[in-house]
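K.L.:
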Amino acid sequence: GDSVTQMEGPVTLSEEAFLTINCTYTATGYPSLFWYVQYPGEGLQLLLKATKADDKGSNKGFEATYRKETTSFHLEKGSVQVSDSAVYFCALTGTASKLTFGTGTRLQVTL
Amino acid sequence: DGGITQSPKYLFRKEGQNVTLSCEQNLNHDAMYWYRQDPGQGLRLIYYSQIVNDFQKGDIAEGYSVSREKKESFPLTVTSAQKNPTAFYLCASSIGRLNTEAFFGQGTRLTVV
Chain A
269 GDSVTQMEGP VTLSEEAFLT INCTYTATGY PSLFWYVQYP GEGLQLLLKA
319 TKADDKGSNK GFEATYRKET TSFHLEKGSV QVSDSAVYFC ALTGTASKLT
369 FGTGTRLQVT L
Chain B
246 DGGITQSPKY LFRKEGQNVT LSCEQNLNHD AMYWYRQDPG QGLRLIYYSQ
296 IVNDFQKGDI AEGYSVSREK KESFPLTVTS AQKNPTAFYL CASSIGRLNT
346 EAFFGQGTRL TVV
């Protein structure tokens, strides 16, 4: 079945540091890929998405590129802020049109 | 405002009691989902519904039940058969077609004592 693997957290960075959160997936066909963000005590919000190979999703300074050859969708941001502290989930929709999530990566950004 | 509403935000129940979590959406979405989130773990799919009066089990359906009598509503009942019901429950909806994202409610934190 479909699966998503994310790097373990927590990831602790100083403000203005470069962020990478790795995500790889296993799926049949041509899944769509997503990054969601969850702030404490809240639901998930869509951060960005990509629906086909080589697409780049971007939002709020975050970017991720759909790499079919490496089955990856790594999240990057050039300069993180304290307000970016949250849990980030990589996800995909496969042939069943339901979301499959990774385990989430907690990001802590300090001054 | 369009969105998904889960209620209540916090819920306490005694062991052995059934409890129903509410999820309503006014986005005109066909598909709705229930996920369970435990500390340090990802989201696990409990049930999903792609159309009114139809639903499918997800990965961890045992001890839960759902209904989808209206497009807008997808309530989840946590029964006494669920061995470890204390968790954060998230409801979501989507258009239901491939390549479309899901929209999430704010979640219900259920504590069973």
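These protein sequence lines are chains A and B, in that order. Residue numbers for the first sequence follow our numbering, so the first one is 269 and each next one is one higher. Residue numbers for the second sequence follow our numbering, so the first one is 246 and each next one is one higher. Just so you know, even glycine gets a beta-carbon here, dropped at the ideal spot from N, CA and C.
1. With a CB to CB cut of under 8 Å and the five nearest residues on each side skipped, what residues in its chain are close to V279 of chain A?
2. From the DSSP output, read off the bridge partner residues of K328 of chain B.
3. Is the beta carbon of G346 of chain A less than 9 Å from the beta carbon of T333 of chain A?
4. Could you tell me which residues DSSP puts in a beta bridge with S338 of chain B?
5. Provide the residue span of the beta strand (DSSP E) that contains L315 of chain A, from first to last.
6. Kindly list the residues whose CB is nearer than 7 Å to the CB of E317 of chain B, restricted to its own chain and excluding five residues on each side of it in sequence; keep chain order.
7. Rounded C-beta distance between T324 of chain B and S310 of chain B? I'm assuming under 8 Å.
8. Report yes or no: is there a C-beta of chain A within less than 9 Å of the C-beta of I305 of chain B?
9. Could you give the DSSP three-state label for V377 of chain A: helix, strand or coil?
10. Does any CB atom of chain B fall closer than 9 Å to the CB of L312 of chain A?
11. Cβ closer than 9 Å: which chain B residues qualify as neighbours of G372 of chain A?
12. When you compare the CB positions of Q295 of chain B and G341 of chain B, do they come within less than 9 Å of one another, or not?
13. Per DSSP, what kind of secondary structure is D299 of chain B in: helix, strand or coil?
14. By the three-class DSSP mapping on this structure, what secondary structure does S326 of chain A have?
15. Whose Cβ in chain B lies nearer than 7 Å to the Cβ of F369 of chain A?
16. Strictly under 9 Å for the Cβ-Cβ distance: is E314 of chain B near chain A by that measure?
17. So, with DSSP's three-state summary, where would you put S318 of chain B?
18. Using only the alpha-carbon positions, how far apart do L315 of chain A and F302 of chain A sit?
P.N.:
In terms of the structure at hand:
1. L287, I289, T373, R374, L375, Q376
2. K328 of chain B pairs with nothing; no bridge assigned.
3. no
4. B:M277, B:F348
5. 312-318
6. E269, Q270, N271
7. 6 Å
8. no
9. strand
10. yes
11. Q282, G285, Q286, G287, L288
12. yes
13. strand
14. strand
15. G287, L288
16. no
17. strand
18. 8 Å
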